[in-house]
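>
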């Protein structure tokens with residue numbers, strides 16, 4: 059049924075965009091690797107921003123000469139166990155303006171989802187201390203596909219199964235790294251880049267992002283851009 063509203067599917071990255079986990083992810087990966095292989099700081103030389111958890115784990119295994127067979131699953135399980143513990147740290151924080159923006163989008167009837175390299179369970183763990191899980195209907199995760207560039211169509215399909223029909227071009231990806239921008243633009247989607255992660259604004263301005271914000275603290279400005287992107291979508295029942 060066509061609701062007759064102008065809507066887009068809004069998909070948020072997590073780390074550096076919604077929250078900072080206070081280093082819980084990296085610590086948990088290093089602890090998991092040490093527990094399994096007795097190697098300290100295994101991921102110290104691996105760039106993580108914008109990558110999927112599975113991609114990072116595989117890079118760690120490859121760097122230290124371990125087979126992928128069976129070890130990816132072992133690392134994943136051990137990592138999630140440590141993450142559940144390490145997310146409770148004094149350095150974690152929500153990024154500025156997040157709740158105001160999410161509430162504003164929700165009030166405007168915008169369906170909200172996640173598009174993140176985190177494992178689905180890891181995403182839930184990271185968002186739980188901030189009570190953010192309730193905002194998101196579904197999403198695409200690093201456990202769905204280790205290649206971030208494949209996640210947007212997965213998110214669209216998941217929302218379709220929930221009765222929300224969107225084209226790829228009706229999606230708006232909000233993230234803090236060039237990889238977030240790329241995974242949106244290769245599918246013709248919109249992208250809002252935000253300089254609250256490891257990449258400064260001048261670096262994000264060099265990407266194909268449709269707009270770059272210093273932060274998401276100005277919810278009204280973000281909403282104004284989203285309204286400009288709005289295209290017809292419909293809720294199927």
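Residue numbers (this note's numbering): 59 to 295.
By construction, the Cβ of each residue, glycine as well, lies at the ideal position given by its N, Cα and C atoms.
What do you get for residue 264, buried or exposed, if any count of 16 or more other CB atoms within 10 angstroms of its CB means buried?
The count along the chain shown starts at 1 and reaches residue 264 at position 206. Label assigned to residue 264: exposed.
> Taking 8 Å as the threshold (C-beta atoms), are residue 232 and residue 252 in contact?
Position 194 of the chain shown, counting from 1, holds the residue named residue 252. Position 174 of the chain shown, counting from 1, holds the residue named residue 232. Against a cut-off of 8 Å, the Cβ pair of residue 232 and residue 252 comes out as a contact.
> Within the continuous alpha helix (DSSP H) that includes residue 87, where are the two ends?
Numbered from its first residue, the chain shown carries residue 87 at position 29. Segment 82-95, the alpha helix (DSSP H) holding residue 87.
> What's the gap between the Cα of residue 179 and the Cα of residue 138?
The residue you call residue 179 lines up with position 121 of the chain shown. The residue you call residue 138 lines up with position 80 of the chain shown. Answer to the nearest angstrom: the Cα atoms are 7 Å apart.
> On a Cα-Cα basis, can you pick out the residue from 76, 121, 172 and 266 that is closest to residue 248?
Taking the first residue of the chain shown as position 1, residue 248 is located at position 190. The candidate whose alpha carbon is nearest that of residue 248 is 266.
> Short of 6 Å in beta carbon distance, which residues of its chain neighbour residue 275, apart from the five on each side in sequence? Order them along the chain.
In the chain shown, counting from the first residue as 1, residue 275 sits at position 217. Around residue 275: 154 and 155.
> I need the straight-line Cα distance from residue 158 to residue 235, nearest angstrom please.
Position 100 of the chain shown, counted from the first residue, corresponds to residue 158. Position 177 of the chain shown, counted from the first residue, corresponds to residue 235. Answer to the nearest angstrom: the Cα atoms are 22 Å apart.
> Of all the options 143, 84, 96 and 169, which has the alpha carbon lying nearest to the alpha carbon of residue 115?
For the purposes of this step, residue 115 is taken as residue 57 along the chain shown, with counting starting at 1. Out of 143, 84, 96 and 169, 84 has the C-alpha closest to the C-alpha of residue 115.
> If you follow the alpha helix (DSSP H) that residue 271 is in, where does it begin and where does it stop?
Translated into the one-based positions of the chain shown, residue 271 becomes position 213. No alpha helix (DSSP H) contains residue 271, which is instead part of the beta strand (DSSP E) from 269-271.
> Would you say the beta carbon of residue 160 is closer than 7 Å to some non-hydrogen atom of the ligand MN?
Summarising the ligand content, the structure contains no ligands, and the ligand MN is consequently not present.
> Contact check, residue 177 vs residue 260 under 8 Å by CB: the rounded distance?
Taking the chain shown and counting its residues from 1, one reaches residue 177 at position 119. Taking the chain shown and counting its residues from 1, one reaches residue 260 at position 202. That pair is no contact at about 32 Å.
> CA-CA distance, residue 181 and residue 88?
Residue mapping note: residue 181 aligns to position 123 of the chain shown, counting from 1. Residue mapping note: residue 88 aligns to position 30 of the chain shown, counting from 1. Rounded to whole angstroms, residue 181 to residue 88 spans 18 Å at the Cα level.
> I believe residue 271 touches residue 250 by the beta-carbon criterion, under 8 Å. Please report the beta-carbon distance rounded to the nearest angstrom.
Counted from its first residue, the chain shown places residue 271 at position 213. Counted from its first residue, the chain shown places residue 250 at position 192. Contact flag correct, Cβ pair sits at about 7 Å.
> Please classify residue 144: does DSSP put it in a helix, a strand, or coil?
As a working note, residue 144 is residue 86 in the chain shown. Of the three classes helix, strand and coil, the one that applies to residue 144 here is helix, per DSSP.
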